[in-house]
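Worksheet: one structure, shown below.
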Amino acid sequence: MDDQHLFDELLRVAEAIGVGVRVESFETPATAGGGSCILQGERLILVDRTAPLRERIAALARALTELETETVFMIPEAREAVEAMRELLRGRRLTA
Numbered sequence: 401m402d403d404q405h406l407f408d409e410l411l412r413v414a415e416a417i418g419v420g421v422r423v424e425s426f427e428t429p430a431t432a433g434g435g436s437c438i439l440q441g442e443r444l445i446l447v448d449r450t451a452p453l454r455e456r457i458a459a460l461a462r463a464l465t466e467l468e469t470e471t472v473f474m475i476p477e478a479r480e481a482v483e484a485m486r487e488l489l490r491g492r493r494l495t496a
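Just so you know, we're using the working numbering here: the sequence shown kicks off at 401 and counts up by one.
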């Protein structure tokens with residue numbers, strides 16, 4: 401699967417679980433391609449349109465690790481991206 405299709409699938413998953421995603425050019429470039437926040441009580445994922453595609457994928461995968469995704473169908477490559485990010489973050493927390 402190419403990176404653009406993976407990005408599109410991660411967007412679909414976020415929308416399927418009811419989380420808004422905004423892909424916009426950031427005034428100040430994000431160091432990690434974007435992230436998630438709560439805006440007016442609603443979860444929102446912000447993705448920097450100008451970040452390299454791999455960073456945008458990582459930002460979406462990282463945000464999805466914070467959410468309940470087990471009940472949503474994901475193509476295997478998308479699930480692997482989210483799980484790999486979850487393991488990476490878990491490793492960082494253990495060493496911090």
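Built from N, CA and C at the ideal position, the CB exists for glycine as well.
- By a beta-carbon distance limit of 8 Å, L460 contacts F407. Their separation comes to about 7 Å.
- Of the other Cβ atoms in all chains shown, 16 or more fall within 10 Å of the Cβ of R462; this residue is therefore buried.
- Here D448 is buried. Its C-beta has 16 or more other C-beta atoms within 10 Å.
- Contact annotation: V413 and V472 have beta-carbon atoms nearer than 7 Å.
- In the displayed model, R443 falls within a strand according to three-state DSSP.
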